[in-house]
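One structure is given below, encoded as structure tokens.
In UniProt numbering, the protein residues as written are 1 to 141.
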């Protein structure tokens with residue numbers, strides 16, 4: 001009697017599977033990490049800043065146009081659109097300020113890193129601390 005799997009294989013015309021041992025790769029591929037060049041950071045900053053300025057200028061022109069339309073039509077929807085446009089331009093201006101602040105923090109990090117930290121830390125129980133302090137006070141005349 002034939003196995004159910006064999007019957008299905010014959011019906012579908014499936015050939016017996018070929019067993020082949022696969023070799024396992026033993027070497028690891030090291031992907032180089034992109035270096036963060038100061039020039040790239042500055043170029044990206046300038047590009048993003050330029051884009052924000054362009055968006056603010058275009059948004060301001062669009063606000064002027066939509067306000068003229070709103071005054072002429074006196075329709076509430078045009079004032080709503082004008083309000084939304086003003087809000088979006090204000091958000092872009094805020095993002096420009098955030099970008100400036102992020103760049104300032106990015107450039108300050110190496111200068112503000114602590115160079116010499118001298119904190120004395122006592123590790124022990126309170127009883128040991130009292131003994132140490134009592135011993136020092138006994139030494140004083």
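Each residue gets a CB set at the ideal place from its N, CA and C atoms; glycine is no exception.
Along the region 48-132, the alpha helix (DSSP H) occurs as fully enclosed runs of 4 or more residues at 76-112, listed in sequence order.
Ranked by Cα distance from residue 99, the first of 64, 52, 126 and 67 is 52. The three-state secondary structure of residue 37, taken from DSSP, is coil. If the five residues before and after residue 85 are omitted, its C-beta is found closer than 8 angstroms to the C-beta atoms of 59, 62, 63 and 66, all from its own chain and listed in chain order. Look at residue 15 here: in three-state DSSP terms it is coil, with no helix or strand label.
For the pair of segments examined, the region 89-106 was found to touch the region 41-55: the number of CB pairs separated by less than 8 angstroms reaches three.
Looking at the backbone, the Cα of residue 95 and that of residue 73 are separated by about 33 angstroms. With a 10 Å radius around the Cβ and a threshold of 16 neighbouring Cβ atoms, residue 82 comes out buried.
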